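Residue numbers (my numbering), protein chains in the order written: chain L, 1 to 174; chain B, 1 to 165.
Note that CB positions come from ideal geometry on N, CA and C, so glycine has one too.
These numbers come from a predicted model, not from an experiment.
Input: a single structure, listed below in structure tokens.
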């Protein structure tokens with residue numbers, strides 16, 4: 001029930017004290033001060049923002065959390081990929097490379113990924129600097145387009161073609 | 001799948017300063033870059049004149065290779081077994097010998113696991129640095145040590161007569 005303020009700041013309830021307390025008049029010894037922010041009760045006449053416009057405000061974390069999550073995914077991916085490449089570049093064992101913490105972290109990024117983002121990042125990396133990303137892609141996608149007899153270049157080709165057919169990476173003119 | 005797309009871009013070949021950060025003894029005059037970086041083959045493939053496969057035991061698929069008759073373990077013993085099967089015999093001398101091909105197996109001092117193999121054609125030592133570039137180097141010492149990416153120590157040197165072409 002909304003209270004209607006009076007000039008003195010007191011509240012009038014609209015009920016007579018005698019009716020409430022069995023005919024005995026009750027008096028407040030001290031008036032109660034209540035402040036009411038009227039703006040809270042005035043409905044805005046502004047139209048609601050269009051769908052998708054809220055993210056542009058930039059203050060509401062619930063609205064851009066998807067975008068923030070994507071940025072976080074991309075940032076972690078490139079950090080870990082750079083670390084993995086730097087620390088394993090002179091190793092002679094692929095088995096050890098695949099057990100490197102940064103490689104495992106990249107595979108684990110799949111849980112943050114939406115819309116094939118992690119697959120896109122891996123395929124772009126594979127295209128730019130062909131490296132042993134095959135096992136990460138198998139772990140994340142559950143697929144393996146590489147034929148058993150395919151060599152390194154054919155393995156790269158098979159994954160890039162897989163990505164193009166799935167619409168994850170763009171077709172390129174060659 | 002259509003036509004195979006060959007000649008993928010190579011890996012980024014690191015500059016001399018970056019290489020020296022990984023191998024502190026690789027200073028100017030001790031080595032010469034001999035190729036771009038690539039992940040197609042490793043030092044073991046390079047030592048066996050195969051630049052299309054990554055030689056490593058226990059891995060499945062056409063991009064890898066390991067002779068089926070050699071034990072499928074990444075140990076010093078299996079590496080020695082492999083080179084023995086190629087006609088190499090163990091020697092003491094670490095120097096280049098004209099008329100002989102030589103290989104030198106490096107091991108990690110912590111667990112004695114093989115880390116690298118360099119080869120010589122009788123003129124100079126050559127190495128494929130993991131997924132990095134091939135280099136020619138004046139000695140084995142420039143890759144020995146435990147700083148950065150250095151490969152530990154040379155544990156075994158083997159040789160065989162150079163094939164005449």
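Note down the Cα distance separating residue 98 of chain L from residue 104 of chain L, rounded to an integer number of angstroms. As a first step, residue 98 of chain L is located in the first chain; it is residue number 98 there, counting from the start. As a first step, residue 104 of chain L is located in the first chain; it is residue number 104 there, counting from the start. Distance between the alpha carbons of residue 98 of chain L and residue 104 of chain L is about 7 Å.
Between residue 47 of chain B and residue 153 of chain B, which are expected to be in contact by the criterion C-beta below 8 Å, what is the C-beta distance as a whole number of angstroms? Taking the first residue of the second chain as position 1, residue 47 of chain B is located at position 47. Taking the first residue of the second chain as position 1, residue 153 of chain B is located at position 153. About 18 Å separates the two Cβ atoms, so there is no contact after all.
Pair every Cβ in the stretch 104–117 of chain L with every Cβ in the stretch 9–19 of chain B, then say whether three or more of these pairs are closer than 8 Å. no
Just to make sure I have the definition right: I need the residues of chain L whose C-beta is within less than 9 Å of the C-beta of residue 52 of chain B. Which are they? Along the second chain, one-based indexing puts residue 52 of chain B at 52. Residues of chain L passing the Cβ test: 151, 152 and 153.
Are the beta-carbon atoms belonging to residue 127 of chain L and residue 168 of chain L less than 9 Å from one another? Mapped onto the first chain, residue 127 of chain L falls at position 127. Mapped onto the first chain, residue 168 of chain L falls at position 168. Contact: no.
So, residue 101 of chain B versus residue 162 of chain B, is the Cβ gap smaller than 9 Å? Counting from 1 along the second chain, the entry for residue 101 of chain B is found at position 101. Counting from 1 along the second chain, the entry for residue 162 of chain B is found at position 162. In contact: residue 101 of chain B and residue 162 of chain B (Cβ atoms closer than 9 Å).
Cβ contact (3+ pairs, closer than 8 Å) linking the stretch 50–60 of chain B and the stretch 71–82 of chain B: yes
Along chain B, in chain order, which residues have C-beta atoms closer than 7 Å to that of residue 89 of chain L? Taking the first chain and counting its residues from 1, one reaches residue 89 of chain L at position 89. Ordered by position in chain B, the residues that pass the 7 Å Cβ test against residue 89 of chain L are 130, 131 and 132.
Rounded to a whole number of angstroms, what is the C-alpha to C-alpha distance between residue 114 of chain B and residue 148 of chain B? By one-based count along the second chain, residue 114 of chain B stands at place 114. By one-based count along the second chain, residue 148 of chain B stands at place 148. Rounded to the nearest angstrom, the two C-alpha atoms are 17 Å apart.
Reduced DSSP category for residue 80 of chain L - H, G, I as helix; E, B as strand; rest coil: Residue mapping note: residue 80 of chain L aligns to position 80 of the first chain, counting from 1. Of the three classes helix, strand and coil, the one that applies to residue 80 of chain L here is helix, per DSSP.
Give a yes or no on whether the C-beta atoms belonging to residue 155 of chain B and residue 106 of chain B are separated by under 9 Å. Numbered from its first residue, the second chain carries residue 155 of chain B at position 155. Numbered from its first residue, the second chain carries residue 106 of chain B at position 106. In contact: residue 155 of chain B and residue 106 of chain B (Cβ atoms closer than 9 Å).
Taking Cβ positions, are residue 122 of chain B and residue 97 of chain B nearer each other than 9 Å? Translated into the one-based positions of the second chain, residue 122 of chain B becomes position 122. Translated into the one-based positions of the second chain, residue 97 of chain B becomes position 97. Yes; because the gap between Cβ atoms is below 9 Å, this pair is in contact.
Nearest residue (CA-CA) to residue 116 of chain L, options L/171, L/166 and L/76: Counted from its first residue, the first chain places residue 116 of chain L at position 116. With distances taken between Cα atoms, residue 116 of chain L lies closest to L/166.
Just reading off the alpha helix (DSSP H) that residue 166 of chain B is part of, what are its end residues? As shown, chain B starts at 1 and ends at 165. That puts residue 166 of chain B outside it, with no answer to give.
Check the Cβ of residue 44 of chain B against every Cβ in chain L and list those closer than 8 Å, keeping chain order. Position 44 of the second chain, counted from the first residue, corresponds to residue 44 of chain B. Simply 92.
Name the chain L residues whose beta carbon is nearer than 9 Å to that of residue 76 of chain B? Locating residue 76 of chain B in the second chain gives position 76, where the first residue counts as 1. By Cβ distance, chain L contributes nothing, its closest Cβ being about 13 Å from residue 76 of chain B, past 9 Å.
For residue 60 of chain B, does the three-state DSSP call read helix, strand or coil? Here the question's residue 60 of chain B lines up with position 60 in the second chain. In the three-state reduction of the DSSP assignment, residue 60 of chain B falls in the coil class, being assigned neither a helical nor a strand state.
Just grab the DSSP bridge partners of residue 173 of chain B for me. Since the first residue shown for chain B is 1 and the last is 165, residue 173 of chain B is missing from the structure and cannot be characterised.
Quick check on the burial criterion: 16 or more other C-beta atoms within 10 angstroms. Buried or exposed for residue 148 of chain L? Within the first chain, residue 148 of chain L is the residue found at index 148, counting from 1. That one is exposed.
So with CB distances below 8 Å, who are the chain L contacts of residue 59 of chain B? As a position in the second chain, residue 59 of chain B is number 59, starting the count at 1. Among the residues of chain L, those whose CB is under 8 Å from the CB of residue 59 of chain B are 94 and 95, following chain order.
For residue 146 of chain L, which residues in chain B fall below 9 Å Cβ to Cβ? The sequence position of residue 146 of chain L within the first chain is 146, counting from 1. Within chain B, the residues near residue 146 of chain L are 61, 62 and 63.
Whole-Å CB distance - residue 87 of chain L paired with residue 100 of chain L, under 8 Å assumed: Counting from 1 along the first chain, the entry for residue 87 of chain L is found at position 87. Counting from 1 along the first chain, the entry for residue 100 of chain L is found at position 100. So it is a contact: roughly 7 Å between Cβ atoms.
Contact with chain B by residue 257 of chain L, beta-carbon distance below 9 Å: An answer regarding residue 257 of chain L cannot be provided, because it is not within the stretch 1 to 174 covered by chain L.
Just to confirm my understanding: we take residue 81 of chain L, look at its own chain, exclude 5 residues before and 5 after, and list those with CB closer than 7 Å. What are they? Start at 1 with the first residue of the first chain, and residue 81 of chain L comes out as number 81. Only 106 and 125 meet the Cβ criterion.
Going by DSSP, which residues form a beta bridge with residue 89 of chain B? Residue mapping note: residue 89 of chain B aligns to position 89 of the second chain, counting from 1. According to DSSP, which records beta bridges pairwise, residue 89 of chain B is partnered with B/159.
Candidates B/78, B/104, B/124 and B/129, of which the one nearest residue 41 of chain B by Cα: As a working mapping, residue 41 of chain B is identified with position 41 in the second chain. Among B/78, B/104, B/124 and B/129, the Cα nearest to that of residue 41 of chain B is on B/129.
Among the candidates B/139, B/138, B/141 and B/131, whose CA atom is the shortest distance from the CA of residue 152 of chain L? For the purposes of this step, residue 152 of chain L is taken as the residue at position 152 of the first chain. Nearest of B/139, B/138, B/141 and B/131 to residue 152 of chain L, Cα basis: B/131.
Identify the continuous beta strand (DSSP E) that holds residue 135 of chain B and give its terminal residues. Here residue 135 of chain B refers to the residue found at position 135 of the second chain. It spans 134–137 - the beta strand (DSSP E) in which residue 135 of chain B sits, taken as one unbroken run.
What does residue 137 of chain B reach in chain A if we use C-beta pairs closer than 7 Å? The structure shown contains no chain A; the protein chains it does contain are L and B.
Straight-line gap, residue 112 of chain B to residue 79 of chain B (C-alpha atoms, nearest Å): Start at 1 with the first residue of the second chain, and residue 112 of chain B comes out as number 112. Start at 1 with the first residue of the second chain, and residue 79 of chain B comes out as number 79. Each residue's alpha carbon lies about 12 Å from the other.
For residue 146 of chain L and residue 154 of chain L, the rounded distance between their alpha carbons: As a position in the first chain, residue 154 of chain L is number 154, starting the count at 1. As a position in the first chain, residue 146 of chain L is number 146, starting the count at 1. Rounded to whole angstroms, residue 154 of chain L to residue 146 of chain L spans 8 Å at the Cα level.
Quick one: Cα of residue 118 of chain L to Cα of residue 73 of chain L, how far? What you label residue 118 of chain L is simply residue 118 of the first chain in a count that begins at 1. What you label residue 73 of chain L is simply residue 73 of the first chain in a count that begins at 1. So the alpha carbons of these two residues sit roughly 8 Å apart.
Counting C-beta neighbours from all protein chains within 10 Å, is the total for residue 75 of chain L 16 or more, i.e. buried, or is it exposed? Numbered from its first residue, the first chain carries residue 75 of chain L at position 75. It counts as exposed.
Whose C-beta lies closer than 8 Å to the C-beta of residue 134 of chain B among residues of the same chain, with five residues either side of it excluded? If you number the second chain from 1, residue 134 of chain B lands on position 134. These residues qualify, in order along the chain: 33, 34, 35, 46, 126, 127 and 128.
Spatial distance of residue 63 of chain B from residue 92 of chain L (CA atoms): Taking the second chain and counting its residues from 1, the one referred to as residue 63 of chain B is at position 63. Taking the first chain and counting its residues from 1, the one referred to as residue 92 of chain L is at position 92. Taking the straight line joining both Cα atoms gives about 14 Å.
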